[in-house]
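Novice: Protein chains in written order, with UniProt numbering: chain A, 1 to 421; chain B, 1 to 421. We treat Cβ as the ideally placed atom computed from N, Cα and C, and that holds for glycine.
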């Protein structure tokens, strides 16, 4: 009655999945919608920045050579021949002891090679002409932003696979990317299985619980950058599940199911994978929670059979499904970011397998600390709410003491890790 | 010609703004859309969890008293009187030496007080009846999830103002929140001013630059949790700007403008505030970049006059506008999260005022490190792209050496700080 499954290591499990990873596809969307998406091509400078030499401050554009005699006791007077704001240009060319009043961002007039700041000049008017006087020398190039000093046309400025943040939005606009090439969001199908599942709007009845895994996983898919295609719940019935899963596969890039992967009498997923002709990559992993996680591939599409237990489901998604989604978003660091943290409290629980403990990480004087975010019973939904990380406690030990260093996986991070296993 | 402005401290500036903060309003949205929003009411347990006593593992529900004689050399046999999966219940009541085969999550039958795990029993069949045999004692309550052990009806589980993460989505579903009370996104109006501004799709011409601040700020508004109402660009013309700003105010919760706040000849915002009858809260802050940031209030609505300089604009938004948005999202930690980090590289620049340096923070063996993310010329858009933090270098010094501790404000963080100044 009891099927014996051979557990494999987490790293091996992730590797078997990543052998089936697929790269992302590009779609072009308006820059108005691109914040929070992932670049699918390198961002290249389409022009120099600045693309003309300009004044970085308000002041007077001058020829530096004309200021060489200036000193505290030797004021030098310039005739002000024009006055330009940002966005304006002048057709005048500076001659000897001539200046142009210029505002921040305006293009330098021909002949000028320095800007005297507004605060350092005295202005006057005489016979309908404007003058300004300086009492110090200025060097060639002083207070000038030169063409291409920030970026040169053709330069790669941001690598593909990068999440578009506000700074990158600014760059996209600067270089005229009204349409932005971003990675198409992979479509992740989602089914929750289990006769015990009620809908969120159903009243509670004895023996049944509301389906919470679907909403949790849907949010995890969104956080990872995927698009959710939620198909609903399935009862523990072989034929119904088989047909539903076979039909769903055609509509998605990968399929997540929750429940039905254990060795209980109503756990049909393994048999469904078999009848489908899917190749089971593994059905047991040496970890807690989530040891019964089962992953298969069918015609190159991955089927993630996550546990129905909320904690196991959560961890299984983050370890196994997230990197596949992020790879399709062109990331070359698709795994959860792994860092070192100091355990803030004792964790006395014996630990035969590697254990992923939902944790809250925080800083203490710049040092990353981690504390378990609630009791770690695997069926406790509550402890998921405060978790921003998963603490990795290696197997084969008797518990851990506060002050010890541990690895943590950061759940809210957007940078990721290359290969943490 | 030069107006003298009196700079105030950053803390004082933030305080003057926060005197005009407003609390958020609630809207009820589908749980399908609530991930990433902010709870506007406490999340309360609408039932016990679990709401019935259940089996956390596959096995046999038994009366523990019947196992007291069991031992390696004294197997005890139970009659298996029913078989229930998750979501099923049994009407049978356990009598002496009777058991019910039970799957993970199923409700415990009446009379049973412990679950013997599947791996520890031997099953058999005789005369059409099912039996199972155990060789060890089991304690009352062993392998049982008791009603309300995770949460009690009426408990406050998550405080209002919390960002809804995947774990909270699961809790919302568990407690039947098909509609979720979330903070209405404040509507932030946005105008870019400047005759030099081209649209993202315009070809470059001498003296003009593409409007990048609007796209940057729009993304910053989104990141902060607000909704953008982008009104477009305005030329440096007093009457046009005045009418546009007065009309825009009626449609938004607050208004951000970029540019026009300096003391240049085409900087009209101060005069517009005056004609509008708005109260200027400050027009100069002792900081770099962003010292000319000007904030006013008109009929209780805040007008953020940010600098047209990209870096100053970016910093001004994060310090001054973000906390107002987050307060309307019910957060009681509305300011950017402040932490200590170790400066990773020398910063030799002299520093008369407090300086916010765009930085990349990262971990080195669990310690937060910060490195400037590019040259710190205030007009360089490029360095914004890699920034995930702002390093605060206090004023009045001659520069900073690698290894020194500095404060950093984390830009991508969702937790925030209460009052960091």
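1) With a floor of 3 residues, list each beta strand (DSSP E) that falls wholly inside the segment 6-88 of chain B, ordered by position along the chain.
2) Listed from N- to C-terminal order along the chain, which residues in the segment 73-98 of chain B have their beta-carbon within a distance smaller than 7 angstroms of any beta-carbon of chain A?
3) Which residues in chain B sit within 8 angstroms of residue 340 of chain A, going by Cβ to Cβ distance?
4) Answer with yes or no whether the minimum CB distance from residue 110 of chain A to chain B is below 8 angstroms.
5) Count the other C-beta atoms from every protein chain shown that fall within 10 angstroms of the C-beta of residue 271 of chain B, then say buried if there are 16 or more, exposed otherwise.
6) Can you tell me which of the three DSSP states residue 344 of chain B falls into?
7) Grab me the residues of residue 362 of chain A's own chain with a C-beta within less than 6 angstroms of its C-beta, minus the 5 sequence neighbours each way, in chain order.
8) Taking Cβ positions only, does residue 376 of chain B come closer than 8 angstroms to chain A?
9) Would you say residue 181 of chain B and residue 30 of chain B are within 8 angstroms of each other, going by their C-beta atoms?
10) Between residue 27 of chain B and residue 183 of chain B, what straight-line distance do the alpha-carbon atoms span, to the nearest angstrom?
11) Could you tell me whether the Cβ of residue 12 of chain A comes closer than 8 angstroms to any Cβ of chain B?
12) As a quick exercise: from B/239, B/171, B/209, pick the residue whose alpha carbon is nearest that of residue 211 of chain A.
13) Flag residue 329 of chain A as yes if its beta-carbon sits less than 8 angstroms from any beta-carbon of chain B, otherwise no.
14) Step through the CB atoms of chain B and report whether any lies within less than 8 angstroms of the CB of residue 283 of chain A.
15) Run through chain B and tell me which residues come within less than 7 angstroms of residue 387 of chain A, C-beta to C-beta.
16) Taking the C-alpha atoms as reference points, what is the distance between residue 177 of chain B and residue 201 of chain A?
17) Establish whether the CB of residue 208 of chain B and some CB of chain A are separated by less than 8 angstroms.
18) Between residue 1 of chain A and the rest of its own chain, which residues show a CB-CB distance below 7 angstroms, the 5 nearest in sequence each way excluded?
19) Per DSSP, residue 231 of chain B is paired with what?
20) Quick one: which chain A residues come within Cβ less than 8 angstroms of residue 52 of chain B?
21) For residue 173 of chain B, go through chain A and note every residue whose CB falls closer than 7 angstroms to its CB, in chain order.
22) Taking 8 angstroms as the threshold (beta carbon to beta carbon), is residue 220 of chain B in contact with chain A?
23) Which residues, in order along the segment 183-198 of chain A, keep a beta-carbon less than 8 angstroms from a beta-carbon of chain B?
24) Per DSSP, what kind of secondary structure is residue 136 of chain A in: helix, strand or coil?
25) Given a cut-off of 8 angstroms, decide if residue 338 of chain A and residue 415 of chain A are closer than it, judged by their beta-carbon atoms.
26) So is residue 315 of chain A buried or exposed if we call it buried at 16+ other beta carbons inside 10 Å?
27) Check the Cβ of residue 107 of chain B against every Cβ in chain A and list those closer than 8 angstroms, keeping chain order.
28) First and last residue of the alpha helix (DSSP H) that includes residue 276 of chain A?
29) Residue 99 of chain B and residue 78 of chain B look like a contact to me (Cβ under 8 angstroms); what is the Cβ gap, rounded to whole Å?
30) What residues in its chain sit with their C-beta under 8 angstroms from that of residue 327 of chain B, if we drop five residues either side in the sequence?
31) To the nearest angstrom, report how far apart residue 283 of chain A and residue 136 of chain B are at their CA atoms.
32) Suppose the cutoff is 7 angstroms on Cβ atoms and the five residues either side in sequence are ignored; what does the same chain contact list for residue 268 of chain B look like?
33) Quick check: the segment 351-366 of chain A against the segment 391-404 of chain A, are there 3 or more CB pairs under 8 angstroms?
34) If the cut is a Cβ gap below 9 angstroms, which residues of chain B does residue 262 of chain A touch?
35) Could you check the C-alpha separation between residue 376 of chain A and residue 311 of chain A for me, to the nearest Å?
36) May I ask you to list, following chain order, the residues of the segment 291-321 of chain B that have a beta carbon less than 8 angstroms from some beta carbon of chain A?
Specialist: According to the structure data:
1) As far as the segment 6-88 of chain B is concerned, its whole beta strand (DSSP E) runs of at least 3 residues are 26-30, 59-62, 76-84.
2) 85, 86, 87, 88, 89
3) 363, 365, 366
4) no
5) exposed
6) coil
7) Residues 369 of the same chain have their beta carbon placed closer than 6 angstroms to that of residue 362 of chain A, with the five preceding and five following residues left out of the count.
8) Its pLDDT being 49, under 50, residue 376 of chain B is placed unreliably by the model, and nothing is read from it.
9) no
10) 6 angstroms
11) no
12) B/171
13) no
14) no
15) 167
16) 7 angstroms
17) yes
18) For residue 1 of chain A, the pLDDT reaches just 39, beneath the cut-off of 50, and the residue's location in the model is therefore unreliable, leaving the point undetermined.
19) Note: residue 231 of chain B sits in no beta bridge, so no partner.
20) 206, 207
21) The answer, in chain order, is 200, 210, 211, 212, 215.
22) yes
23) Cβ contacts with chain B: 194, 195, 196, 197.
24) coil
25) Against a cut-off of 8 angstroms, the Cβ pair of residue 338 of chain A and residue 415 of chain A comes out as no contact.
26) buried
27) 206, 207
28) 269-276
29) 4 angstroms
30) 18, 21, 22, 23, 24, 334
31) 30 angstroms
32) 236, 238, 241, 260
33) yes
34) 58, 103, 104
35) Here the model assigns residue 376 of chain A a pLDDT of 49, short of 50, so the residue's position is not dependable and the matter cannot be decided.
36) 308, 309, 310, 314
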